[in-house]
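These notes are about the structure you will find just below.
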Amino acid sequence: MTASLARLMNAIDLQNEVYQDSTIMKKVIIEALDIENVTLLDIINQENIGNVTKALKVLDFSASKR
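Structure below.
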């Protein structure tokens with residue numbers, strides 16, 4: 001679970017770099033993930049990332065209570 005969470009957090013960090021208008025980072029992500037539809041990165045927005053982050057915090061809190 002920790003490795004998956006680390007990968008997800010890295011992905012979120014990379015996505016944040018894209019939103020800071022880093023065209024180099026966007027090209028790296030597109031090539032690394034072999035994305036053919038470049039607009040896919042534009043579909044993912046900050047609100048969606050915020051929702052994922054909140055869900056992870058709730059999940060982490062729930063897991064730590066067990």
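Here the UniProt record's numbering is used: position 46 in the sequence shown is 46, and no number is missing along the way. All residues carry an ideal CB built from backbone N, CA and C; glycine is no exception. All values derive from a computational prediction rather than experimental measurement.
Considering just the uninterrupted stretch of the alpha helix (DSSP H) at residue i, what are its terminal residues?
i, result
"K26", "T23 to A32"
"I35", "Where I35 is concerned, there is no enclosing alpha helix (DSSP H), given that its DSSP letter is neither H nor E."
Using the Cβ count rule (16 or more neighbours within 10 Å means buried), how would you classify residue i?
i, result
"K18", "It is worth fixing the name first, because residue 18 is Val in this sequence and not Lys. With 16 or more other Cβ atoms within 10 Å, it is buried."
"Q15", "buried"
"K26", "buried"
Roughly how many whole angstroms lie between the Cα atoms of residue i and residue j?
i, j, result
"N60", "T53", "It should be noted that the sequence gives Asp, not Asn, for residue 60. The straight-line gap from Cα to Cα measures roughly 10 Å."
"D34", "N51", "25 Å"
"I29", "A63", "31 Å"
Take residue i as the anchor and find which of the options has the nearest alpha-carbon.
i, options, result
"L41", "K65, A11 and L56", "A11"
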